[in-house]
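The numbering of the sequence shown is full-length UniProt numbering, which starts it at 1 and goes up by one.
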Amino acid sequence: AGSATGTGSSGQDEYMTQEEEWDRDLLLDPAWEKQQRKTFTAWCNSHLRKAGTQIENIEEDFRNGLKLMLLLEVISGERLPKPDRGKMRFHKIANVNKALDYIASKGVKLVSIGAEEIVDGNVKMTLGMIWTIILRFAIQDISVEETSAKEGLLLWCQRKTAPYRNVNIQNFHLSWKDGLGLCALIHRHRPDLIDYSKLNKDDPIGNINLAMEIAEKHLDIPKMLDAEDVVNTARPDERTIMTYVSCYYHAFAGAQKAETAANRICKVLAVNQENERLMEEYERLASELLEWIRRTIPWLENRTPEKTMQAMQKKLEDFRDYRRKHKPPKVQEKCQLEINFNTLQTKLRISNRPAFMPSEGKMVSDIAGAWQRLEQAEKGYEEWLLNEIRRLERLEHLAEKFRQKASTHEQWAYGKEQILLQKDYESASLTEVRAMLRKHEAFESDLAAHQDRVEQIAAIAQELNELDYHDAASVNDRCQKICDQWDSLGTLTQKRREALERTEKLLETIDQLHLEFAKRAAPFNNWMEGAMEDLQDMFIVHSIEEIQSLISAHDQFKATLPEADGERQAILSIQNEVEKVIQSYNMRISATNPYSTVTVDEIRSKWEKVKQLVPQRDQSLQEELARQHANERLRRQFAAQANVIGPWIQTKMEEIARSSIEMTGPLEDQMNQLKQYEHNIINYKHNIDKLEGDHQLIQEALVFDNKHTNYTMEHIRVGWELLLTTIARTINEVETQILTRDAKGITQEQMNDFRASFNHFDRRKNGLMDHDDFRACLISMGYDLGEAEFARIMSLVDPNGQGTVTFQSFIDFMTRETADTDTAEQVIASFRILASDKVSHRAAAIRIKLLSHLALLVTSLLVIVKLCLQFVRLQRKHVRSSRRRPLPVTGLVEKAPEFGIFSPPLPGALVTEWCLKMQGSVMATQELLEEPGP
Numbered sequence: 001a002g003s004a005t006g007t008g009s010s011g012q013d014e015y016m017t018q019e020e021e022w023d024r025d026l027l028l029d030p031a032w033e034k035q036q037r038k039t040f041t042a043w044c045n046s047h048l049r050k051a052g053t054q055i056e057n058i059e060e061d062f063r064n065g066l067k068l069m070l071l072l073e074v075i076s077g078e079r080l081p082k083p084d085r086g087k088m089r090f091h092k093i094a095n096v097n098k099a100l101d102y103i104a105s106k107g108v109k110l111v112s113i114g115a116e117e118i119v120d121g122n123v124k125m126t127l128g129m130i131w132t133i134i135l136r137f138a139i140q141d142i143s144v145e146e147t148s149a150k151e152g153l154l155l156w157c158q159r160k161t162a163p164y165r166n167v168n169i170q171n172f173h174l175s176w177k178d179g180l181g182l183c184a185l186i187h188r189h190r191p192d193l194i195d196y197s198k199l200n201k202d203d204p205i206g207n208i209n210l211a212m213e214i215a216e217k218h219l220d221i222p223k224m225l226d227a228e229d230v231v232n233t234a235r236p237d238e239r240t241i242m243t244y245v246s247c248y249y250h251a252f253a254g255a256q257k258a259e260t261a262a263n264r265i266c267k268v269l270a271v272n273q274e275n276e277r278l279m280e281e282y283e284r285l286a287s288e289l290l291e292w293i294r295r296t297i298p299w300l301e302n303r304t305p306e307k308t309m310q311a312m313q314k315k316l317e318d319f320r321d322y323r324r325k326h327k328p329p330k331v332q333e334k335c336q337l338e339i340n341f342n343t344l345q346t347k348l349r350i351s352n353r354p355a356f357m358p359s360e361g362k363m364v365s366d367i368a369g370a371w372q373r374l375e376q377a378e379k380g381y382e383e384w385l386l387n388e389i390r391r392l393e394r395l396e397h398l399a400e401k402f403r404q405k406a407s408t409h410e411q412w413a414y415g416k417e418q419i420l421l422q423k424d425y426e427s428a429s430l431t432e433v434r435a436m437l438r439k440h441e442a443f444e445s446d447l448a449a450h451q452d453r454v455e456q457i458a459a460i461a462q463e464l465n466e467l468d469y470h471d472a473a474s475v476n477d478r479c480q481k482i483c484d485q486w487d488s489l490g491t492l493t494q495k496r497r498e499a500l501e502r503t504e505k506l507l508e509t510i511d512q513l514h515l516e517f518a519k520r521a522a523p524f525n526n527w528m529e530g531a532m533e534d535l536q537d538m539f540i541v542h543s544i545e546e547i548q549s550l551i552s553a554h555d556q557f558k559a560t561l562p563e564a565d566g567e568r569q570a571i572l573s574i575q576n577e578v579e580k581v582i583q584s585y586n587m588r589i590s591a592t593n594p595y596s597t598v599t600v601d602e603i604r605s606k607w608e609k610v611k612q613l614v615p616q617r618d619q620s621l622q623e624e625l626a627r628q629h630a631n632e633r634l635r636r637q638f639a640a641q642a643n644v645i646g647p648w649i650q651t652k653m654e655e656i657a658r659s660s661i662e663m664t665g666p667l668e669d670q671m672n673q674l675k676q677y678e679h680n681i682i683n684y685k686h687n688i689d690k691l692e693g694d695h696q697l698i699q700e701a702l703v704f705d706n707k708h709t710n711y712t713m714e715h716i717r718v719g720w721e722l723l724l725t726t727i728a729r730t731i732n733e734v735e736t737q738i739l740t741r742d743a744k745g746i747t748q749e750q751m752n753d754f755r756a757s758f759n760h761f762d763r764r765k766n767g768l769m770d771h772d773d774f775r776a777c778l779i780s781m782g783y784d785l786g787e788a789e790f791a792r793i794m795s796l797v798d799p800n801g802q803g804t805v806t807f808q809s810f811i812d813f814m815t816r817e818t819a820d821t822d823t824a825e826q827v828i829a830s831f832r833i834l835a836s837d838k839v840s841h842r843a844a845a846i847r848i849k850l851l852s853h854l855a856l857l858v859t860s861l862l863v864i865v866k867l868c869l870q871f872v873r874l875q876r877k878h879v880r881s882s883r884r885r886p887l888p889v890t891g892l893v894e895k896a897p898e899f900g901i902f903s904p905p906l907p908g909a910l911v912t913e914w915c916l917k918m919q920g921s922v923m924a925t926q927e928l929l930e931e932p933g934p
């Protein structure tokens, strides 16, 4: 099929082009081709019948182009060019081209449709061309609410079938399969032709056939569909349905035009009748409105005033009723009358009828003039009513205003005269008099402010008299009483002010004396209280200088007493002056000073107390001075002995500590030397006892400090006890070493080595090694210490976990370690015992000598292995830390303390000695092994 679009809007062109291209492929469906062939044939015949002809085979009967041109003339109503009557192929092509040119002249684009294909009987191209003609001349001109073509036709169908049940038109294929849509279109326009309520949705074939039969019989729409094809096809051909439904649209549109013409005639008749009715209605309403205006104007022009407010209020209420109830309906009638007149004139002008002319005096202008006169009368009446009401309201307002102002003034003035006559200031204090004066000043201001009110009251009374108020007599009488009272208040106010000012001056004089008394009495009273406190204050001094300072201060205080006595007499004279003023003016006030709680009697009694305390203070200060001289003698006596004993104890402690480290030789000699130290210390005890006696005297004198020495008795006692403990502990250590040596068989040389090692690693020189020092000492002596092994050893030497190792613990540990091993000499002696009388003398000698060297070698190797392990660790730390080449052994020994190994540094002589012993043992062993013999 070909693709064709009209010359309508671009949106419509695009839509139709796309649809045609889509349908082009669908025409390949044989079922759809069959439906289109029948429908398009019936559609063409419905138009060709008007020319007295028809077609049987759509692709054959249009091949010569004659019936095609005839079809276009019938549906367009225009004449096409004269066709060629020849039967040759080129004649047929020429005729078909004329038809196609005409179609193109109507703005339809023909794509892929050529005259040769039509002449050759191409079914697809022929059906496409007929569909293009149907679109252009039957569907394209359909327009519903600015939509056209397919959308317009679909919208028309949806609106016409919307009220019908089971009908839902959404497209031109599936929505029509049940036939109810076609029946609904017929029933909507011709309900007399079909009973829609009896239709069954489950009988689609019956519904479609019924619709087509009624359409053919009553609407002149030929049958274009086979009900079975529509129902049994999964998706009926859209072009077929659109073609058939468009016939319904054109059929009903023509009927609607005829109905519109009939309605137009009826409408003209109805308009004429309505115009006649409006004319009569206007005449009636105009007459009634003019009559009402004529009756109302005289009532509004009546200006007879009323004497009472109630009567004027009644007139105002009547006028308001007129404005609220009677006039609004007439306003609506007037407006409606004007609207009806204008509407009537407009309808007559539209109908080309002459304009309406009301009766004389009933023109719109006449009604407007009468209404204007009514408005003027109404406005004048309203202004008159308001003025009269305002006048009466003004008179009543003035009378009420006079009563209110008079009542307010009378309430304010009530009791004011009695207050002004009081003499409460005669027994008042200065503060109270001043408060009364300020209060009186406020009253005077209030009095001046009420002057305007009194004047207003008089002015209102005058105005009421001028307006001839009916109760003017009572107003005048009340106004006169207010004025007389006002004059009396003014006189009394002036007299009270003078009395208050006179009293204020007298009280100010007394107050100034009271203030001066308070300013001088308070400091003097504080001075006396402070003096009494100082004179009675308990003092605690610890030196002669402190008591001498107190005596000097007391002497200075006594020098100020004459000046203080002069101040006392001046203060007492001020109080005497106050009493003299009160007596002179017979004032009924108290002489009590409001600014001070200090009385004259209090000043006198405190002064006498101060005079009694001064000699008592002199005596106590002199007694304390004598006591401080005695205490100073005790301090000097104690300091002279303590400054000798303290350094002596310190020196002895240092000598004992130094001797315990530096003593050499046999333990018995060390013991004798320590016993001599102990004897000398015990002989010094009498000096300590004498110092204790001096200390007891100081304690009894309550002397707690002594600037002549840094030693206290506690320091001396602790030092003495520590000295005794130290010499006893040192003697005990030597005795323990002697017992250990004798019990374990340790030589004096070994004991000296142990002492040397301990002293070397005792960095603080306090006779104790901490854990790190003890570990370094053990490593230097050849012990291979892991964490577990070191923990075991620490549990032996430091069972209490104090973190330190004493020399005695060290000796015990080394004694146990030494006792468990055998020396080289012991091993050799054992071999001699075993070898006696069993081998030859030379062999035995060789064995003994060899075993001796081997024993020494084994012992040395054990030590060297331990040293080598330490050297390996040391070498690794050196290389990792400095990233340099390894050091020789001597360099490692020097570097060892930096890495915590052999710290304190391992004695070089010890290392050299072990190396030489090992070297000698190796060489001797090698020589023995090379000799012949067993």
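No residue lacks a Cβ here, since even glycine has one placed at the ideal position from N, Cα and C. Small disclaimer: the values here were computed from a predicted structure and weren't measured.
1) Compute the distance between the beta-carbons of residue 531 and residue 571, then report whether it is under 7 Å.
2) Evaluate residue 242 with the Cβ neighbour count: other Cβ atoms within 10 Å of its Cβ, from every protein chain shown; 16 or more gives buried, anything less gives exposed.
3) What residues in its chain sit with their C-beta under 8 Å from that of residue 372, if we drop five residues either side in the sequence?
4) Any idea what DSSP makes of residue 768, helix, strand or coil?
5) Could you have a look at residue 230 and say whether DSSP puts it in helix, strand or coil?
6) For residue 813, which residues of its own chain have a beta-carbon under 8 Å away from its beta-carbon, when the five flanking residues on both sides are left out?
7) At which residue ranges does the region 590 to 652 contain complete alpha helix (DSSP H) runs of 4 or more residues, listed in the order of the chain?
8) On a CA-only basis, which of 52, 294, 344 and 339 is nearest residue 279? Give me that one, please.
9) Indicate whether the contact test is met: 3 or more Cβ pairs, each with one atom in the region 394 to 409 and one in the region 549 to 566, closer than 8 Å.
10) Do the CB positions of residue 131 and residue 239 come within less than 7 Å of each other?
11) Taking its Cβ as the centre, do 16 or more other Cβ atoms sit within 10 Å of residue 299, making it buried, or is it exposed?
12) Use the C-beta contact count for residue 95: other C-beta atoms within 10 angstroms, 16 or more gives buried, fewer gives exposed.
13) Run through the region 29 to 78 for me and flag every whole beta strand (DSSP E) of 3 or more residues, listed as ranges in chain order.
14) In three-state DSSP terms, what is residue 304?
15) Starting from residue 805, trace the beta strand (DSSP E) both ways and give me its first and last residue.
16) Quick one: Cα of residue 755 to Cα of residue 784, how far?
17) Touching or not, the region 718 to 727 and the region 648 to 658, by the rule of three or more beta carbon pairs under 8 Å?
18) According to DSSP, is residue 821 part of a helix, a strand, or is it coil?
19) Would residue 540 be called buried (16 or more neighbouring beta carbons within 10 Å of its own) or exposed?
20) Here's the rule I'm using: 16 or more other beta-carbon atoms within 10 Å means buried, otherwise exposed. How should residue 475 be labelled?
21) Throw me the rounded Cβ distance for the residue 127 and residue 40 pair, which I believe falls under 8 Å.
22) From the DSSP output, in three-state form, read off residue 481 for me.
23) Using DSSP with H/G/I as helix, E/B as strand and the rest coil, what is residue 389?
24) Relative to the C-alpha of residue 603, which candidate in 529, 549, 552 and 555 has its C-alpha closest?
25) Looking at the unbroken alpha helix (DSSP H) that takes in residue 312, where does it start and where does it end?
26) How big is the Cα-Cα spacing for residue 427 and residue 462?
27) Does the beta-carbon distance from residue 485 to residue 377 come in below 7 Å?
28) Which of the three DSSP states, helix, strand or coil, is assigned to residue 282?
29) How about residue 160 and residue 190: do their beta carbons lie closer than 7 Å?
30) In whole angstroms, give me the CA-to-CA distance for residue 432 and residue 507.
31) So, using beta-carbon positions, are residue 293 and residue 374 closer together than 7 Å?
32) Do residue 199 and residue 207 come within 7 Å of each other at the CB atom, strictly closer than that value?
33) In the DSSP assignment, the alpha helix (DSSP H) including residue 451 goes from what residue to what residue?
34) Hey, which unbroken runs of the alpha helix (DSSP H) at 4 residues or more fall wholly within the region 187 to 229?
35) Quick check on this structure: which residue in 679, 470, 482 and 236 has the alpha carbon closest to the alpha carbon of residue 177?
36) Between which two residues does the alpha helix (DSSP H) containing residue 161 stretch?
For this structure:
1) no
2) Answer is buried; the Cβ neighbour count reaches 16.
3) none
4) Residue 768: strand per DSSP, three-state reduction.
5) helix
6) 793, 796 and 797
7) Fully enclosed alpha helix (DSSP H) runs of 4 or longer: not present.
8) 344
9) no
10) Pairing residue 131 with residue 239 gives a Cβ-Cβ distance under 7 Å.
11) exposed
12) buried
13) none
14) In the structure shown, residue 304 sits in coil (DSSP, three-state: anything other than H, G, I, E or B).
15) Here the beta strand (DSSP E) through residue 805 covers 804 to 806.
16) 21 Å
17) yes
18) Since pLDDT at residue 821 reaches only 49, below the 50 mark, its modelled position is unreliable, and no value is offered.
19) exposed
20) Buried, since its Cβ has 16 or more Cβ neighbours within 10 Å.
21) 6 Å
22) Helix, per DSSP.
23) helix
24) 529
25) 309 to 321
26) 47 Å
27) Result no, Cβ atoms of residue 485 and residue 377 do not sit closer than 7 Å.
28) helix
29) no
30) Each residue's alpha carbon lies about 10 Å from the other.
31) yes
32) yes
33) 430 to 466
34) Taking only runs of at least 4 residues, the alpha helix (DSSP H) segments lying wholly in the region 187 to 229 are 204 to 218.
35) 236
36) 149 to 161
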